[in-house]
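S.K.:
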Amino acid sequence: MRLPRRSGPAVREATMESQAGDLTVPVSVFPTGWQAGLARGSKIKVLSAQLSGASPGVVSLPLRPKSAKFAVRSFFFAAPHEAAEPATAPERVPFVPMMPRPPAADQAPADRAPAVASEAGAQLAAVATKLTRIQPPRDTIRLEDRLFYCLQPPLETLLAGDHLDFPFHPFGYQFEGVAFLYPRVAAILADEMGLGKTMQAITAMRMLLRAGEIQSVLLVCPKPLVTNWLREFALWAPELPVTVIEGDQARRTWQWQLAAAPVKIANYELLQRDSASLDPTTLRFDLVVLDEAQRIKNRTGNTSQAVRGIDRRRSWALTGTPVENSPEDLVGIFEFLSPGYLTPGMKPRRMGQAVSDYILRRTKDKVLAELPPKMFRDAEIELTAQQRATYQMAEDEGVLRLTEMGEGATIQHVFELVLRLKQICNFDPATGHSAKLERLAADLEEVAASGRKAIVFSQWVDTLRQLAPRLAQFRPLEYHGRVPSGQRDGIINRFRDDPDCHVLLISYGTGGVGLNLQFAGYVFLFDRWWNPAVEDQAVNRAHRIGAAGPVTVTRFLALSTIEERIDQILRDKRELFDTVFSDVAHHSTGLSQSEIFGLFRLRSPHGPIDMAA
Amino acid sequence: MSHANSSTTWGFLTVLGCDEQGLIGGYLVLNQSGRPLEFHCTAPVKANRAQQILFGPTLEPYLYGEQIGQTLVSKASAAPSVVYTDVPPALALREFVEMPVALVLTDGEAAEPNDSPAAASPVWRVDRSHHLAGGVMFALGANRLAVAERHRADQQTILDRWQAAEAFDLAEPFGRIRDAIAEAQRPSRA
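Sequence order for the protein chains is A and B. Under the working numbering, the first residue of the first sequence carries the number 1, and numbering increases by one thereafter. Under the working numbering, the first residue of the second sequence carries the number 1, and numbering increases by one thereafter.
Below, the structure is given as structure tokens:
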């Protein structure tokens, strides 16, 4: 076949003719090597372009160091005895089981709070609203020792944990007093009378003994107060065995050496007697406590030397009047606590700063809002005509005699005259008249009629003995130095319990300290003592914790007599001491030699009198 | 009331923050009468800037629990039955010690119930911050305690074995530690 040409007119004019053709395309296969080429891997050339430059730096932060890099200070404390009751006792203290106590209402409150009796323990911790922490004394140098006290539990917790029982729940300030004493090697507890120094000291001793920090205690007190201390120990620390040093020399020697007695009580006089025979190399106490520590204010006195001769680790002083006559009294007490710490002649303010960490003093008005008020009234007495005549004659004669003696007049001469005149103010020796007695009897009628009780203080036993028969209608009882010691407790008990006994006639010297007479609502100071501190002590026999109502204090003052002049000087001195010792030694000074001479406008042998009566 | 045996000791851990110095940790070991047996305190610890950034909200648990708490506990010779703390981040200590660690809650501590109804015991959030995202709160006597959610079994351990603590105010010892640290920070008196 011939294919038509694809050109225009020539194609239209051509005729169709066919022509057979062989279309078969000869195919022949022959190897080219392509299959093997396909199976071979491609050859790819990779070109790397450097886009990021140098490698980045790596910073490793030590976020979790394997070991701490800060310092740790460690303090280890000697393990105290465990809390279980028997084990808390020092090894040398044989504890006896707690004795059941009579109900509060049956007891004469003594150094205690009038609060509801508590079983202590957990209850104590529960009722305590304020926790009392022990603070290290400022003179504690070692940090470990300071931390030891910082880390102690509050007193309330310690007491509850050690199962220390109390017959009455103590006041918060009493816990503070215990916390003050507990860590101190040298301390003065100088609370005003009636705030419970006894209880605080006993509790601190008890805790130290039970913690094993001390094992032997010597308590030194005035002889009349020994039975009072025994009573208080039985009340506040009944499990502590207490030994009173007494009896003949052989017995006392044995008692002094008695190792099994954790608490020994001795009176000042006895200690003074025995001090020479005591062997300081074998007799040593962990704690010596002086009650009424003003007894050692005279550094050169035998009493002071006797107590200072006792070997001891701790020294505490209890006194409501750390300064009775002058700041030098404090120097005397510190010779026992820390010899040489105070020196004679120190300026009062500097002394006050130096002792501030050693002395704790609270007054009732500061800590006991709930204590009934104490009301003073000065009964100004006009002497009877007979008394006045006798008084005037005695004074005139006495002053004349002193004047004639000139430089030869001594303080004793003046003192004798003062005493003579004061006695006349009480009773006219010629006629027995007494304006004070008349006033006292009138007041006592009212006291007795109301069923109340009164205590009457005098400086002289003779005055008390003159009063007794003339106050017979009030069934007076007497408590003074001429009453045998063995009878004194019975007298106090009878005065408390016998509703017909309305009056206790009592001497400043014997009954001015240590007694708890808070059931008496009236105090009469029939004559005035030389310094107000002693008067305060006397008044506080009645005005103390447990007092059921207000205490009325009547101070008799014979007008236009030596009593009035003494009173004025003492008032002035109260103001002076209030200024100097605002907290440490509150208005507690007596008359100096110059002041006694000045009572009669005489010149002191050492110079003119500045402060005339 | 059951009492722990006589060798029972308790640990109390707190951390004080001092702006300038850093953190100071204190660790007190008491016997069951509350008397001190050991006291350990750290020098001031301060996180560096990197730690502050990278630990973020976990910084305090790290410092209080891992660094300070763990170090202090390791220094003590006595192994307490329970470690109490009054700072929530210190609960993180529990991840590093075997004994229970409990947070002593104070009245001011915020606590609100978790809504999770599936909790076996009440679960509370005590989240003054992120320290205790979940904590199990419970009472022991008058004390309110919390343990970490991850260690909720510690609650029963404490309740079963340490009822003696009921009588104690478990917040009280922290005041002692603070006083002691202040005392240790004072210039020497010698």
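A virtual CB, placed ideally from N, CA and C, is assigned to each residue, including glycine. All of these numbers come straight from a predicted model, not from anything done at the bench.
Which two residues bound the contiguous beta strand (DSSP E) that contains Tyr-84(B)?
M.R.: Note, Tyr-84(B): beta strand (DSSP E), 82-85.
S.K.: At the level of alpha carbons, what is the spacing between Ala-142(B) and Asp-86(B)?
M.R.: Between Ala-142(B) and Asp-86(B), the C-alpha separation is close to 15 Å.
S.K.: Find the residues of chain B that neighbour Thr-132(A), judging by a C-beta separation of less than 9 Å, and give them in chain order.
M.R.: Within 9 Å Cβ-Cβ: nothing; Thr-132(A) doesn't reach chain B, min ~12 Å.
S.K.: Going by other Cβ atoms of all chains shown within 10 Å of its Cβ, with 16 needed for buried, is Arg-284(A) buried or exposed?
M.R.: With fewer than 16 Cβ atoms within 10 Å of its Cβ, Arg-284(A) is classed as exposed.
S.K.: Under the rule that 16 or more other beta-carbon atoms within 10 Å means buried, what is Pro-167(A), buried or exposed?
M.R.: It is buried - the Cβ of Pro-167(A) has at least 16 other Cβ atoms within 10 Å.
S.K.: Tell me, please, whether the region 367-379 of chain A touches the region 339-353 of chain A by the rule of three or more beta-carbon pairs shorter than 8 Å.
M.R.: Contact fails: fewer than three Cβ-Cβ distances are below 8 Å.
S.K.: Which word fits Pro-61(B), buried or exposed, when buried means at least 16 other C-beta atoms lie within 10 angstroms of its C-beta?
M.R.: Pro-61(B) comes out buried.
S.K.: Our contact map puts Thr-243(A) next to Ala-261(A) with C-beta atoms below 8 Å; I'd like the distance itself, whole angstroms only.
M.R.: So it is a contact: roughly 4 Å between Cβ atoms.
S.K.: Quick check: Pro-327(A) and Gly-309(A), are their CB atoms within less than 8 Å of each other?
M.R.: In this structure, Gly-309(A) does not lie closer than 8 Å to Pro-327(A) by Cβ.
S.K.: Can you tell me where the beta strand (DSSP E) holding Arg-312(A) begins and where it ends?
M.R.: Counting along the chain, the beta strand (DSSP E) containing Arg-312(A) begins and ends at 311-318.
S.K.: Under 9 Å Cβ-Cβ, which residues of chain B neighbour Arg-184(A)?
M.R.: Here the premise fails: no neighbours, minimum Cβ distance about 16 Å.
S.K.: Which full runs of the beta strand (DSSP E) of 3+ residues lie inside the region 217-255 of chain A, going along the chain?
M.R.: Runs found: 217-221 and 242-244.
S.K.: Taking the beta carbon of Glu-20(B) as the centre, do at least 16 other beta carbons fall within 10 Å, making it buried, or is it exposed?
M.R.: Per the 10 Å Cβ criterion, exposed.
S.K.: For Leu-557(A), which option in Glu-397(A), Leu-421(A) and Val-461(A) has the closest C-alpha, if you only look at C-alpha atoms?
M.R.: Of the listed residues, the one whose Cα sits closest to Leu-557(A) is Leu-421(A).
S.K.: Do we get a CB-CB distance below 8 Å when we pair Val-72(A) with the residues of chain B?
M.R.: Chain B contact via Cβ: present.
S.K.: Within the chosen definition, does the region 491-499 of chain A reach the region 404-414 of chain A through at least 3 CB pairs nearer than 8 Å?
M.R.: Flag = no, the region 491-499 of chain A and the region 404-414 of chain A do not touch.
S.K.: Between the C-alpha atoms of Gly-17(B) and Arg-133(A), what's the straight-line distance to the nearest angstrom?
M.R.: The straight-line gap from Cα to Cα measures roughly 24 Å.
S.K.: Got a sec? Which residues, its chain only, sit under 8 Å from Glu-564(A) by beta carbon, not counting five neighbours each side?
M.R.: Correct list, in chain order: Leu-557 and Ala-558.
S.K.: List the DSSP bridge partners of Met-375(A).
M.R.: Bridge partners of Met-375(A): Thr-552(A).
S.K.: Starting from the beta carbon of Thr-42(B), find every residue of chain A whose beta carbon is closer than 9 Å, and list them in chain order.
M.R.: Simply Ala-68, Phe-70, Ala-71, Val-72 and Arg-73.
S.K.: For Ser-485(A), report the span of its alpha helix (DSSP H) as first-last.
M.R.: Here the alpha helix (DSSP H) through Ser-485(A) covers 485-497.
S.K.: Is Asp-191(A) buried or exposed, if buried means 16 or more other CB atoms sit within 10 Å of its CB?
M.R.: Buried, since its Cβ has 16 or more Cβ neighbours within 10 Å.
S.K.: Between the Cα of Asp-500(A) and the Cα atoms of Ser-507(A), Asp-489(A) and Arg-475(A), which residue gives the shortest distance?
M.R.: If we check each option's Cα against that of Asp-500(A), Arg-475(A) comes out closest.
S.K.: Alpha carbons only, please: which of Ile-177(B), Arg-178(B), Pro-89(B) and Gly-175(B) is nearest the one belonging to Ala-146(B)?
M.R.: Taking only the C-alpha atoms, the option nearest Ala-146(B) is Pro-89(B).
S.K.: Please check if any C-beta of chain A sits within less than 8 Å of the C-beta of Ser-2(B).
M.R.: With a pLDDT of 38 at Ser-2(B), under the threshold of 50, the modelled position of that residue is not reliable, and no figure is offered here.
S.K.: Pull up the CB-CB distance for Gly-481(A) and Val-503(A), whole angstroms please, since I reckon it's below 8 Å.
M.R.: About 18 Å separates the two Cβ atoms, so there is no contact after all.
S.K.: Taking Cβ-Cβ distances shorter than 7 Å, what residues in chain A pair up with Ala-278(B)?
M.R.: Here chain B has residues from 1 to 190 only, and residue 278(B) is not among them.
S.K.: Quick check: is the beta carbon of Phe-166(A) nearer than 8 Å to any beta carbon in chain B?
M.R.: No, Phe-166(A) lies away from the interface with chain B (no Cβ there is under 8 Å from its Cβ).
S.K.: Quick one: grab the DSSP three-state call for Ala-266(A).
M.R.: Note: Ala-266(A) maps to strand in three-state DSSP.
S.K.: For a cutoff of 8 Å on Cβ pairs, would you count Val-45(B) as touching chain A?
M.R.: True, the Cβ-Cβ gap to chain A drops below 8 Å.
S.K.: What's the gap between the Cα of Gln-392(A) and the Cα of Thr-463(A)?
M.R.: C-alpha separation (whole angstroms): 20 Å.
S.K.: Mind pulling the alpha helix (DSSP H) runs of 4 or more residues that sit fully within the region 452-480 of chain A?
M.R.: For the region 452-480 of chain A, whole alpha helix (DSSP H) runs of length 4 or above, ordered along the chain, are 461-470.
S.K.: What does DSSP give as the partner residues of Ile-24(B) in its beta bridges?
M.R.: Answer is Leu-16(B).
S.K.: Could you name the residues that DSSP lists as bridge partners for Tyr-522(A)?
M.R.: DSSP, once it has assigned bridges, lists Ala-454(A) and Thr-552(A) as partnering Tyr-522(A).
S.K.: Could you have a look at Ile-177(B) and say whether DSSP puts it in helix, strand or coil?
M.R.: Ile-177(B): helix per DSSP, three-state reduction.
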